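The structure appears right after this line, and notes come after that.
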Amino acid sequence: MSRKLHIGLSLSPTWLRGSAWRDTDSGVEHLLSPRFAIELAQHAERAKLDFLFKPDSLFIEPKGLEHAPGMTSLDPIVQLAGLAQSTSHIGLVATASTTFVPPFIVARQLQSLHWLSDGRAGWNIVTALDGERNFGIPAMPSTEWRYERAAEFVEVVQKLWRSYPADAIKREREAGQFADSQSVSAIDHHGKHFAVEGPLTLPMHSAGPPPLFQAGASPTGRDFAASLATGIFASTPDKAAAIALRQDLRERAQRFGRLPSHIKLMPGLGLLLSKNRSEAQDRFRERQRGLDLEPRYRFIENSLGVDIRTLPLNAPIPERLVTGINPNARSRTHAALLLRLVQTENPTIAQLLARPEASGSGHWQVVGTPLDAADAICDWFAAGALDGIIALPASLPSLRLFLDETVPVLVERDIFRKDYTGTTLAQHLGLR
Ligand SMILES: Cc1cc2nc3c(=O)[nH]c(=O)nc-3n(C[C@H](O)[C@H](O)[C@H](O)COP(=O)(O)O)c2cc1C
């Protein structure tokens, strides 16, 4: 069977970013409305997408809210549990950080979502970028510490999922046996970060464990992903970066005794689409003009350790000021993308500020027609730069054009499914 593309749709309201929420057709009124999210989920399901993907943040900056909704959002598990009731096939991938809350809670919430969606839950494992002060932690722990805790966290969650197997339930009315208690057992985990007795309070769904996703591409993050994740959400602004990352993750997976084909690199893809290419480009330029630069200056300062606010816009950052990544950067992945751009392209500061790498996103983007998007996806797919994408629409019309016009072209070109062949997320991802 030929390799097939996987498509996720981000539920993070990327179509409200920057000044985009001010567009008359932005739908900002529906930011927290259940009806709107249901319509979106059902639309994505009609297009036979693999999954809905809910990023998350456990902190918010009040100052930023003056000009944009930022990370104003519903809790992923709660939102996806709601959407599970209005959909029947599409996967539901919830982001849950391993840095702040106990693994027992996350294991239970995800397994509950798995039951409520009949086997469609997935877990996007993040180590988080901020939010420590909401959990009584005075300073963000180092990346190394966070990944070490994440590895043990995932181990505990997986043990808990297995602690109460699906087939333990017998429901023998005559004999009065609800479950075979012998097969439900404590996990008695005693590690560096956690002590958890178990078992979990609900059984594993018969679909098997929720598939794992990961985001974070520092060397430690890559090893973590390669050791356990199926889907990897990545920021890859260009094809060469994506090919290199995919190749590296596949090699690392082999070192962990996994098959390279079990790793699915899924770059985020920003989409600003219009039926007419020049109209899309005009809209993109308009957006660039309306950019609030302060968050970008702050991101550059945090990533590279240089304040460029007073430097001339028409010249590059002087070479002597860029010595490497700030060791305390919030995300080494995003800092590395920014450094790579500065060192390889030497852009003027004006050019730099206009690039997605300067926004802390660094996602690949297509500005053009639905067909342009299909062509770009096919090109990257054929080049071995991706196994799938996570769509990040830049406007609601772009979202609709992507689902109604780009996806059908991918079906026509036989790289994407015409219909679901299974009902669980693991089946959509070709795992079972
Ligand atoms: C593409 C991408 C998406 C991410 N999404 C989230 C998210 O939704 N929530 C979150 O708390 N952290 C998110 N992170 C942060 C990572 O989980 C991780 O904490 C951070 O990137 C630091 O790890 P690194 O040094 O490997 O980059 C994301 C990171 C990347 C690269």
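Position 414 of the sequence shown, counted from 1, bears residue number 414 in full-length UniProt numbering, the numbering being contiguous throughout.
Where is the CB? At the ideal position from N, CA and C, for every residue including glycine.
As the structure is a prediction and not an experimental result, all values here were calculated from the model.
heavy atom of ligand 1 below 7 Å from residue i C-beta
{"i": "D51", "result": "Checking the displayed sequence, the identity of residue 51 turns out to be Phe instead of Asp. No, the beta carbon of F51 sits no closer than 7 Å to any heavy atom of ligand 1."}
{"i": "S142", "result": "no"}
{"i": "K331", "result": "Here residue 331 turns out to be Ser, not Lys, going by the sequence shown. S331: yes, Cβ under 7 Å from ligand 1."}
{"i": "S57", "result": "yes"}
{"i": "T95", "result": "yes"}
{"i": "F233", "result": "yes"}
{"i": "S218", "result": "yes"}
{"i": "A215", "result": "yes"}
{"i": "A128", "result": "yes"}
{"i": "G221", "result": "yes"}
{"i": "G388", "result": "no"}
{"i": "G122", "result": "no"}
{"i": "G270", "result": "no"}
Local Cβ density within 10 Å of residue i, reported as buried at 16 or more and exposed below that
{"i": "P102", "result": "exposed"}
{"i": "E357", "result": "buried"}
{"i": "A350", "result": "exposed"}
{"i": "G136", "result": "exposed"}
{"i": "H6", "result": "buried"}
{"i": "R289", "result": "exposed"}
{"i": "F178", "result": "exposed"}
{"i": "K159", "result": "buried"}
{"i": "G388", "result": "buried"}
{"i": "T14", "result": "buried"}
{"i": "T99", "result": "buried"}
{"i": "G324", "result": "exposed"}
Expected contact under 8 Å - CB spacing of residue i and residue j to nearest Å
{"i": "F51", "j": "G82", "result": "The Cβ separation is near 16 Å, so there is no contact."}
{"i": "residue 470", "j": "G362", "result": "As displayed, the chain neither begins before 1 nor continues past 432, which places residue 470 out of reach and without an answer."}
{"i": "G257", "j": "A426", "result": "At roughly 20 Å, the Cβ-Cβ gap does not stay under 8 Å, so G257 and A426 are not in contact."}
{"i": "R287", "j": "A68", "result": "Actually they are not in contact, since the Cβ atoms of R287 and A68 sit about 12 Å apart, beyond 8 Å."}
{"i": "P138", "j": "Y164", "result": "That pair is no contact at about 37 Å."}
{"i": "A96", "j": "W123", "result": "6 Å"}
{"i": "I125", "j": "Q214", "result": "5 Å"}
{"i": "F4", "j": "F416", "result": "Correcting the residue type first, residue 4 is Lys in the shown sequence and not Phe. Confirmed, about 7 Å."}
{"i": "G8", "j": "L58", "result": "That belief does not hold up - the Cβ atoms of G8 and L58 are roughly 21 Å apart, past 8 Å."}
For residue i: DSSP bridge partner residues
{"i": "M266", "result": "F233"}
{"i": "P393", "result": "L271"}
{"i": "S142", "result": "Answer is none; S142 lacks a bridge partner."}
{"i": "I125", "result": "A96 and Q214"}
{"i": "G388", "result": "H6"}
{"i": "residue 454", "result": "Nothing about residue 454 can be read from this structure; the chain reaches only from 1 to 432."}
Those runs of the beta strand (DSSP E) which lie wholly inside the segment 149-228 and span at least 3 residues: 169-172, 177-179 and 212-215
Length at least 4, wholly inside the segment 301-372: the alpha helix (DSSP H) runs in chain order: 332-345 and 349-354
Inside the segment 4-87 only - beta strand (DSSP E) runs reaching at least 3 residues: 6-10 and 51-54
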